[in-house]
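Engineer:
4 protein chains.
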Amino acid sequence: MSHTRELLDAGPGPGNLDRDELSAAIDACLDCAQACTACADADAAEEEVAELRTCIGLCSDCADVCGATARVLSRQTRYDEFLVQRLLQACVRACSSCADECERHAEHHEHCRICAESCRECERACQRILDSEAFQELQALAGG
Amino acid sequence: MSHTRELLDAGPGPGNLDRDELSAAIDACLDCAQACTACADADAAEEEVAELRTCIGLCSDCADVCGATARVLSRQTRYDEFLVQRLLQACVRACSSCADECERHAEHHEHCRICAESCRECERACQRILDSEAFQELQALAGG
Amino acid sequence: MSHTRELLDAGPGPGNLDRDELSAAIDACLDCAQACTACADADAAEEEVAELRTCIGLCSDCADVCGATARVLSRQTRYDEFLVQRLLQACVRACSSCADECERHAEHHEHCRICAESCRECERACQRILDSEAFQELQALAGG
Amino acid sequence: MSHTRELLDAGPGPGNLDRDELSAAIDACLDCAQACTACADADAAEEEVAELRTCIGLCSDCADVCGATARVLSRQTRYDEFLVQRLLQACVRACSSCADECERHAEHHEHCRICAESCRECERACQRILDSEAFQELQALAGG
């Protein structure tokens, strides 16, 4: 449905990153940014908004980090591995924190359940790239 | 694949906008923002970048307008019809201008062909909402 | 302090838009996007968050529209007057709605008072460009 | 001029981060995002655009990372130190790489000279926060 993978194949190429994994990560970031934007908005409309205040903040941060990550990953011409690594680490963290919080409310709020699902998918897709060979050397060097 | 429609159904509801059309427009905006970001980047990497300078600019504007439109459309709690109308009109225009330019390069650059396709889908999806009953009255009042 | 005006003078030129007004509008959009992001976040932290739920939503929309407007206005190479007009109209509307709501809470919440101030400045700066000669003809044609 | 510091004082407070440093970093990120957007656009309009293609890409990445960093830093309610650290590291890197490239073109292109200046200011402002006590412990733990 999305044109992400097609564009990846038509561009100058993503260095030593796997095209399937990269394409999946970009789409997951876009979906997660949307889910977090919608969830934060639905949170604010709930009667028990006071219990969802942390969720609003975490969703908002996650939407911004995922949006920027999707854009940087979409530019294949020069992968600055350090930049991409730090950004992916920020993204994995934002997704993981947001999913943890949304899962706490998943039983009572369907939008939190769906948002948590999207966050977990994005967390996994970004982590997969961080775990790939392309980042192993950098990982070792940085001790991070 | 995306969670857009599910979240739309879990939220407070999009007023008198059609859920299928709204969900399609949000997904089209996200896809178009991604396509335009990737296409502008691929343009800059082409040998004949000088002929693609207009394409870089139009893609960049289109990515930003689509990104903001996706976010505002994702917040269902209060549709300010005037805001949404003007934003959708800006989005339709940005998509249409970008598609026109990308189509001129579609034969020589596959990324332009794909980007034009994504822009046209987004243009149609946003126009469909502007043409819906929800906006007819406003349309008549504004003369626009 | 900002480099906006300097960059405007160093670029290819903003067509028939006034450089002082354009530079002021870009800076106002950036400031308003920041103010709205901070205000929405502070709203969510207030004890009476339930009374501020509309404020959270309007601030979030306003931040996104202002952010996109700042970016499109920053690209001087080709001003598509129709695109810029619709985007500025969306921005003026988002700022005005957000300021109205924030002003209702200004007495009790200092962040709402400051945010309303920033929104009004942005509303005026964008309206000034819409009122300029560059848009008069388009205004007349569109009936808008 | 900007309302950043005022809003910081009106909000729930930025934990153990210094308000002057945080406010300066937010403003620097916003200015840098604007400068990079304008510089990339001016690059594409130059006759020798082929020599500026790397600059277009680095400016585009830097604008996105700075924009997201400004937003996350503007939300004071819960500083996730790990998220903020990784994001600031990505931001410092994007600013530094973009400044390096812009400086190479600074003699011939005034917009590159100004953009490099804005990038260096943002790099320093973000690094100052990373070097602050609030991040020392995390720095030690992460070995990064």
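In order, the protein sequences belong to chains A, B, C and D. The numbers in this note's numbering rise by one with no breaks, and the one at position 38 of the first sequence is 38. The numbers in this note's numbering rise by one with no breaks, and the one at position 59 of the second sequence is 59. The numbers in this note's numbering rise by one with no breaks, and the one at position 57 of the third sequence is 57. The numbers in this note's numbering rise by one with no breaks, and the one at position 83 of the fourth sequence is 83. The beta carbon of each residue, even a glycine, is placed where N, CA and C say it ideally should be.
Restricting to Cα atoms, I'd like to know which of D:C91, D:D43, D:I114, D:G13 is closest to D:R128.
Structural biologist: The residue with the shortest Cα to Cα distance from D:R128 is D:C91.
Engineer: Closer than 8 angstroms between beta carbons: that is the criterion. Which residues of the region 72–97 of chain D meet it against chain A?
Structural biologist: The region 72–97 of chain D vs chain A, Cβ under 8 angstroms: V72, R75, T77, R78, D80, F82, L83, R86, L87, Q89, A90, R93, A94, S97.
Engineer: Just confirm the distance between the C-beta atoms of C:R75 and B:S60, as a whole number of angstroms; I'd bet it's less than 8 angstroms.
Structural biologist: 6 angstroms between Cβ atoms; contact.
Engineer: Taking Cβ positions only, does D:G144 come closer than 8 angstroms to chain B?
Structural biologist: Its pLDDT being 44, under 50, D:G144 is placed unreliably by the model, and nothing is read from it.
Engineer: The alpha helix (DSSP H) with D:S96 in it runs from where to where?
Structural biologist: Segment 81–104, the alpha helix (DSSP H) holding D:S96.
Engineer: With a CB to CB cut of under 6 angstroms and the five nearest residues on each side skipped, what residues in its chain are close to D:G67?
Structural biologist: Excluding residues within five positions, the ones whose Cβ falls inside 6 angstroms are A33.
Engineer: Show which residues of chain C have a CB atom less than 7 angstroms away from the CB atom of D:T69.
Structural biologist: Chain C residues near D:T69: none, gap ~12 angstroms exceeds 7 angstroms.
Engineer: Who are the Cβ neighbours of D:R113 in its own chain at under 7 angstroms, not counting the five residues just before and after it?
Structural biologist: Taken in chain order, the residues that qualify are A106.
Engineer: I need the boundaries of the alpha helix (DSSP H) containing D:S23, first residue and last residue.
Structural biologist: Where D:S23 is concerned, the enclosing alpha helix (DSSP H) stretches over 19–45.
Engineer: So, using beta-carbon positions, are A:G11 and B:A38 closer together than 8 angstroms?
Structural biologist: Yes, the Cβ-Cβ distance between A:G11 and B:A38 is below 8 angstroms.
Engineer: So, helix, strand or coil for B:H111, using DSSP?
Structural biologist: B:H111 falls in the helix class under three-state DSSP.
Engineer: Let me know if C:R19 comes out buried or exposed under the rule of 16 or more other beta-carbons within 10 Å of its beta-carbon.
Structural biologist: With fewer than 16 other Cβ atoms within 10 Å, it is exposed.
Engineer: Given this structure, state the Cα-to-Cα distance separating C:L52 from D:D100, to the nearest angstrom.
Structural biologist: Cα to Cα, the separation comes out at about 45 angstroms.
Engineer: Please work out which residues of its chain come closer than 7 angstroms, Cβ to Cβ, to A:E46, disregarding the five sequence neighbours upstream and downstream, and give them in chain order.
Structural biologist: Only L52, H109 meet the Cβ criterion.
Engineer: List, in chain order, every chain G residue whose beta-carbon is nearer than 7 angstroms to that of A:H111.
Structural biologist: Absent from the structure is chain G; the protein chains it does hold are A, B, C and D.
Engineer: In angstroms, rounded to a whole number, what distance separates the CA positions of A:L7 and C:C126?
Structural biologist: Each residue's alpha carbon lies about 36 angstroms from the other.
Engineer: Of all Cβ atoms in chain D, is any one closer than 8 angstroms to the Cβ of B:V49?
Structural biologist: Yes, because at least one Cβ of chain D sits closer than 8 angstroms to the Cβ of B:V49.
Engineer: Quick check: A:C55 and A:C122, are their CB atoms within less than 8 angstroms of each other?
Structural biologist: Against a cut-off of 8 angstroms, the Cβ pair of A:C122 and A:C55 comes out as no contact.
Engineer: Go ahead and pull the three-state DSSP assignment for C:G144.
Structural biologist: Its pLDDT being 44, under 50, C:G144 is placed unreliably in this model, and the value from its coordinates should be taken loosely. In this structure, C:G144 counts as coil in the three-state DSSP scheme.
Engineer: Please name the residue in D:A44, D:S2, D:R104 whose C-alpha comes closest to that of D:A159.
Structural biologist: In the structure displayed, chain D extends from 1 to 144; residue 159 of chain D sits before or after that span and is not available.
Engineer: For a quick check, are the C-beta atoms of A:S118 and A:L17 less than 8 angstroms apart?
Structural biologist: No, the Cβ-Cβ distance between A:S118 and A:L17 is not below 8 angstroms.
Engineer: Compare the C-beta of C:L58 against all C-beta atoms of chain D and say whether one is closer than 8 angstroms.
Structural biologist: C:L58 does not count as touching chain D.
Engineer: Under a Cβ-count criterion, where at least 16 other Cβ atoms within 10 Å of its own Cβ denotes burial, should D:G57 be classed as buried or exposed?
Structural biologist: It is buried - the Cβ of D:G57 has at least 16 other Cβ atoms within 10 Å.
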